[in-house]
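Here is the structure we will look at.
Take a look at the structure:
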C-alpha cells in the first residue's frame, strides 16, 4: 500500500489538513496517509526543510511526501515533483528541498504542468494530491511535468568557515519542542574542519568546550539524585539528525526554561565555533 | 472500508481523541479514522460548523463525521444523526450543522435515543462511536433514533443586508492558522447583491476596493524581489471555501503579523460592504 | 492487524512523531498506528501516566502502547516492556506506569536488553519501535529483555488520608484542554473514606459541598436560557476516568476562564476534602 506523508503549515485547527486527507481517500481508497507535521511556522521554508530532512529517511522507499508550505502558484513560485533517494517529494520550488538536495542529488526534477486544467486557491488539495495519487498509482513524473535541471537554492543551508579554518559561523535553523536550538552545523562538516583540535562553541555569552552524544552525559550519577542540579543546565550535543544543537538538560519552556528561553536564542541567530590554532587532542568530540 | 472522521474541541494533549479512536477500533477493526480537527475552541459551535463545512465535501460519499463539541446530553442538548449530501453527521443538536444545512437540505434527521441503555459522562466515546459504527456496518438512522423535522437554528450564519441593498453587514466567523479573518459573506451571496457595482469592504478603519482570487495577486512581479514590501500587506480574497476573507500577504502572527493582529479583528466583529448606488463596472470581482 | 499507539512529549511540530511512524511502517507494513498524544508537557511523567491510564482501556486487547517521555537511556533510566491487562506498554522505567500498575498488577515486566546492538540518541525510534514490532509479530517479552520483579514507584499517585479518616489531601495531577483540574482522588477511594458522610471539597478558597455526575447538572433548566449565568461557574465532578475534578461550566481559558485560571490551580497544588464527624446522609454523591 502506498504511503503519502503530509508536512504543512496548516496548523492543528483549520480544515485544510482534513480536507487534503479526504481528497486523497476520494482518489485512492487504499493508501496510507501519515501526518509528519502541520505546525511548521507559517511560510517558514527553513523549518519545513529541516523537518522533512529528518523525517523522510525513516519511511520505506517509494514513499510520497507532500510538503504544503507557501504553495500558492505564481510566476515566481512554481510547483515541482522530485525523485530522490527513492522517495518522492511534491512541493513549491521555493527552497524547501535545499537541505536534502545539498546532500543527495535528485534523480529527477519536474516542474508540474497540469495547472492549465486546474484553477485553484488550494493547491495542496487540487494539485499536490492529484500528483501524489498519480505517483502512488505507479505513474511517472514526466506525465505531470517537464524536467528541469535544478531547484531554486536556499539560504542558510551551509555555515560559513573563515579562510584559515579557525572559525565556523553557523545559524540557528530550528527551535524544537523542548526549546533546544538546532544549528546548520552538521557533525561531518564540523569534524572535517576540527581535525582533532580543541574548540569553544559560543552562543551569545554561553561557552561550551565539549559536545556530547547524549543529554544525560552531563549528569554525575555518583552524586545522590536529590543533591544534583542538572535540570536547566546548558550543553551541546550532536542530535539524532547529526546537527549541532544547543540544549538544556530536561528543558521545559514553561518550568525550568529552555535553551531558547534561557540563552535568548532564536531562528537565524549566529552560533560560533572557534578552534585552537594547533591540534591538541585526538578528538574532543566523544566517539559515537 | 468505511471512513469515520473526528472534529472535536478535545485539544491535542488529552486522552479523549485517542480513547475515542480506540473505542472505534474495538468495535470495528476494519475502519479508517481521519482526524479533521481536535483544536476547535472549547464549546465553539460556529468554528466547528465552519471547519466541518469546509472539510466534509472532500471525503468520499458515505463518510461518517463525528463532531464532538458541547456534546453533554441534557434536556436542551439532544444528540442527533443527519444524512445529508450522502454524508453522515453525528453531533449534538446545538447549531453545529446550521451552516451546512442552510445550503443543503438534510435527507434525514434523527434524534438519537439509545441513551436509556447508556449512562455516560463521555458521550462521544459512549454514544457517538456506537452510532458511527452502526452506520459503518450499514445500519439505518431509524434504528438509533426517531426522525425529527429540523435542527436547532444557528446564529451568525447569514449576514445582514439593508433594504435598498447598498450594504452587507457580515461577521467574523473564523480566524485561521495564518490569522486570516473569515466572514460569513459567501461569494454567491455577495455577487447576488453586488450585481456588478463597485464596492468598499470595511474592516475597522481598513478599506478595500477589490477582492482577489489569489493572495499573490497583490504582488507586482515587475519590481525586483528585494525591493518589494508585500509581506504584511492587507488584502481581501474569496477563499477556497468561497468565503470573503480579510487576509495579510504571507502573514505570520509571530513575525510580520496577521489580519487578526494587525487590524484588530476577532470572532464576531462586523465587516461591512458598501456598494455604489448604480452599476458602474461589469464585475469588479475577478473572474474565477 | 496489530495496533501500536504513541504517547509522547514530541509536540506537534517536530519530525520525531513522523519519523517514528515511518520506522514502524518500514518494519511492519500492515500495522495500525494511533496517536494518543504528542503534547504531554516535556518530561512530565505524571501527565503521561494520566493520559495513558485513561486511553488504553478503550483499545482492543493486544494493543501495543509506546510511551516516549524521558526515554534517554542511562544507568538510572532503563527501558522496559510490560504486559498488563492484555495490553503491552513500552517505555522508560521512570514512573510513567505507576498509576496503571497501582490498580492492576502486571503479568510480566522485562528490562529491555537489546541495546548492546543499538547505539542511539533517539531511543523511541531505534529501540521502542523495534520492541513494538517484535511484539506485533507475535514475539515474547523474554526475547527482548530480562524479567524484573517491579517497576520504579511514582510519587503523587495516591492522596493522603489522616488517621481518623476525616480528611483527604489530594493533588492536582492534570489540567485538561478545558482548564479543568484533575486530582489523584478516585471515586472508589473517596467513597471508601466517605461512608455516606457530608463533606466539603476545598480548592484554595473555593468550597464545594456536592459532587456531580455531569457538568450541566448545575444548570436550572426552569430559568429561561437568556437569564441563566452558568457559564464560568465552578463545580466538582467525578470525570469519565473516575477522578475528582474541579471544573468550570463551559469553560474556555481564552474567554469565560477555566478552573485553572479562575481558581489559580496548577499541577501539584493540593485539594482537600473534609468529612463531617458522623454519618448524616446515605450518600451525598449522586447515584451513578
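Residue numbers (the numbering used here), protein chains in the order written: chain S, 5 to 292; chain H, 5 to 292; chain Z, 5 to 292. Glycine included, every Cβ here is placed at the ideal spot set by N, Cα and C.
What residue 14(H) touches in chain Z, judged by beta-carbon distance under 7 Å, is 181, going in chain order. Counting C-beta atoms within 10 angstroms of its own C-beta, residue 157(Z) has fewer than 16 neighbours from the protein chains shown and is therefore classed as exposed.
In this chain, the beta strand (DSSP E) harbouring residue 84(S) covers 83-88. When the five nearest sequence neighbours on each side are left out, the beta carbons in the same chain lying within less than 7 Å of the beta carbon of residue 46(Z) are those of 13, in order along the chain. Taking one beta carbon from each stretch, the segment 66-73 of chain H and the segment 106-123 of chain H have fewer than 3 pairs nearer than 8 Å; the two do not touch. Of all residues in the segment 233-252 of chain Z, those with a C-beta nearer than 9 Å to a C-beta of chain H are 235, 241, 242, 243, 244 and 245, reading in chain order. Straight through space, the alpha carbons of residue 41(S) and residue 19(Z) are spaced by roughly 7 Å.
A Cβ-Cβ separation of about 7 Å places residue 63(H) in contact with residue 30(S) under the 8 Å criterion. For the pair residue 276(H) and residue 186(H), the CB atoms are not nearer than the 8 Å cut-off. Within 9 Å of the CB of residue 63(S), the CB atoms of chain Z belong to 22, 23, 25, 26, 27, 29 and 30, in sequence order along the chain. Looking at the DSSP output, residue 178(Z) sits in a beta bridge with 186(Z).
The beta strand (DSSP E) runs of length 3 or more contained entirely in the segment 101-125 of chain Z are, from start to end of the chain, 112-116. Interface flag for residue 131(S) against chain Z is unset, since no Cβ pair is found closer than 8 Å.
Residue-level contact by beta carbon fails for residue 190(Z) and chain H, as no gap is shorter than 8 Å. Below the 7 Å Cβ cutoff, chain S contributes no neighbours of residue 270(Z), its closest Cβ being approximately 10 Å away.
Chain Z places no beta carbon closer than 8 Å to that of residue 257(H), leaving this residue out of the contacts. Neighbours of residue 44(H) in chain S, taken as residues at a C-beta separation under 8 Å, are given in chain order as 17.
Distance from the CA atom of residue 125(S) to the CA atom of residue 160(S), rounded to whole angstroms, is 30 Å. Residues of the segment 204-222 of chain Z that bring their beta carbon within less than 9 Å of a beta carbon in chain H comprise 217, 218, 219, 220 and 221, in sequence order. About 16 Å separates the beta carbon of residue 129(H) from that of residue 85(H), a gap too long to meet the 8 Å contact definition.
DSSP lists 39(S) and 70(S) as the bridge partner or partners of residue 10(S). If you check the CB distance, residue 235(Z) and residue 253(Z) come in under 8 Å. If you check each beta-carbon in the segment 136-164 of chain Z against every beta-carbon of chain S, none falls closer than 8 Å. Across the set 103(Z), 232(Z) and 90(Z), the C-alpha of 103(Z) shows the shortest separation from the C-alpha of residue 155(Z).
Of the residues 180(H), 280(H), 267(H) and 149(H), the one whose Cα lies closest to the Cα of residue 213(H) is 280(H).
Taking the Cβ atoms as the reference, residue 38(S) lies roughly 26 Å from residue 65(Z), outside the contact range of under 8 Å. DSSP places residue 161(Z) outside both helix and strand once states are collapsed to three, so it counts as coil. In this structure, residue 263(Z) sits near residue 184(Z), with a CB-CB distance shorter than 8 Å. Bridge partners of residue 211(Z) according to DSSP: 206(Z). Residue 78(Z) belongs to the set of residues whose beta carbon lies under 8 Å from a beta carbon in chain S.
The beta carbon of residue 125(S) sits closer than 8 Å to some beta carbon of chain H. Fewer than three Cβ pairs drawn from the segment 195-204 of chain H and the segment 241-250 of chain H lie within less than 8 Å of each other, which leaves the two stretches out of contact. A straight-line Cα-Cα distance of about 16 Å links residue 78(H) and residue 149(H). Within the DSSP secondary-structure output, residue 29(Z) pairs in no beta bridge.
Judged by DSSP secondary structure, residue 54(S) falls within the alpha helix (DSSP H) whose first and last residues are 49-59. Interface with chain Z (8 Å Cβ-Cβ cutoff): residue 33(H) is included.
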